[in-house]
Every structure is written in structure tokens, then in C-alpha cells.
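Under my numbering, the first residue of the sequence shown carries the number 12, and numbering increases by one thereafter. Ideal placement from N, C-alpha and C gives every residue a C-beta, glycine not left out. Below: the structure, in C-alpha cells.
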Amino acid sequence: MKIWNGYGSEHSMNLVLIGKFKLEQDAEKVEKDISKLRTQAEKDDCYSISFDEPKNQRFSDEMLSLLCSLKLNILGPTDLGQFVSDHNLSREGDRIKITTDEAEVSAFVKLFIEAGAKVEVFSAHDYPSDSDGAN
12 MKIWNGYGSE
22 HSMNLVLIGK
32 FKLEQDAEKV
42 EKDISKLRTQ
52 AEKDDCYSIS
62 FDEPKNQRFS
72 DEMLSLLCSL
82 KLNILGPTDL
92 GQFVSDHNLS
102 REGDRIKITT
112 DEAEVSAFVK
122 LFIEAGAKVE
132 VFSAHDYPSD
142 SDGAN
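Here it is, written out as C-alpha cells:
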């Protein structure tokens, strides 16, 4: 008899994403932008966009307007579901820390880098002490 040892899709990543910004105002703006994007993404049911056929993967008019007003041209329609995924965001001064069990955090990384942040990503499974003191 052969026993299969493997991981299921329910395995949590326990990711920690930290952005260290040059100025506190930069971190505050990114925090506000994420909140606005999340609100609109929830209205648009953006989580399901990545499952649509490619021809249907597009921004709503409201999201496109928001992205233009925030001067964000780095996000694609399939990135938006990340803002409605389960995550915890905390800001302390010039640092933003996001924790999530999701593997896909590229939308947050794009926003952080676009705002000039130094970015660190790691699993709290491997570095539990860093996740507490990182922020």
C-alpha cells in the first residue's frame, strides 16, 4: 500500500508584507488608496474577474475612474480581487504591514513600489518572530 503525502489547497501562506516608505505621508496615502480600491472592488465583485474569460476581464467604469483619479496605471483587472481577499492591514508611521493567508499579493506590492517603498515579503511560518516585530 502506498500512502500519499501532499498538501491541499487549504494550506495557508501566512504571508507578511511590509512596506517601508520614505515619508509617513506616502504610507498614509497608500493606506487610503487601498481602502478606496477595496470599497470599489467589493461593489464590482472583483474577486470573480480572474475566473472570467479573457474578453470579460475588464474594469468597471467606476473602477477605471477611481484608478485614473488615484493616478494608478499599474493594476490590471485580475489584480483587483486581491483587495477583497481576506487580509489585515496596519499602518504605523511610515510602515504598512499586511498579513494574509493568500499567496497572491502582487497588487499590494505594486502599490508599495509605485509609492517608493522598500518591500519585504516572507512567511510567518518560517519567520514567526519577524512577523511580530516587523511593524
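Give me the Cα-Cα distance between residue 72 and residue 102, rounded to the nearest whole angstrom. As a position in the sequence shown, residue 72 is number 61, starting the count at 1. As a position in the sequence shown, residue 102 is number 91, starting the count at 1. Their Cα atoms are separated by approximately 30 Å.
Taking the alpha-carbon positions, what's the residue 135 to residue 26 distance? The residue labelled residue 135 in the question sits at position 124 within the sequence shown. The residue labelled residue 26 in the question sits at position 15 within the sequence shown. If you draw a straight line from the Cα of residue 135 to the Cα of residue 26, it is about 6 Å long.
To which residues of the same chain is residue 141 closer than 8 Å at the C-beta, ignoring the five residues directly before and after it? For the purposes of this step, residue 141 is taken as the residue at position 130 of the sequence shown. Taken in chain order, the residues that qualify are 27, 133 and 135.
CA-CA distance, residue 81 and residue 139? The residue given as residue 81 occupies position 70 in the sequence shown. The residue given as residue 139 occupies position 128 in the sequence shown. If I take the Cα positions, the gap works out to 35 Å.
Report all residues from its chain with a CB closer than 6 Å to the CB of residue 131; omit the five preceding and five following residues, and keep chain order. Residue numbering aside, residue 131 sits at position 120 when the sequence shown is read from its first letter. Correct list, in chain order: 29.
If you count every other CB in all the chains shown that lies within 10 Å of the CB of residue 114, and 16 or more means buried, which is it? Here residue 114 refers to the residue found at position 103 when the sequence shown is read from its first residue. With a threshold of 16 other beta carbon atoms within 10 Å, residue 114 falls short and is exposed.
Using a Cβ-Cβ cut-off of 8 Å, state whether residue 94 counts as contacting chain C. The structure shown contains no chain C; it holds only a single protein chain.
Can you say whether residue 128 is buried or exposed, counting buried as having 16 or more other CB atoms within 10 angstroms of its CB? In the sequence shown, residue 128 corresponds to position 117, counting from 1. Flag for residue 128 reads buried.
What residues in its chain sit with their C-beta under 6 Å from that of residue 123, if we drop five residues either side in the sequence? Taking the first residue of the sequence shown as 1, we reach residue 123 at position 112. Excluding residues within five positions, the ones whose Cβ falls inside 6 Å are 30 and 130.
Starting from the C-beta of residue 23, find all residues in its chain whose C-beta is less than 6 Å away, skip the five residues before and the five after it, and write them out in chain order. As a position in the sequence shown, residue 23 is number 12, starting the count at 1. Here the set comprises 112.
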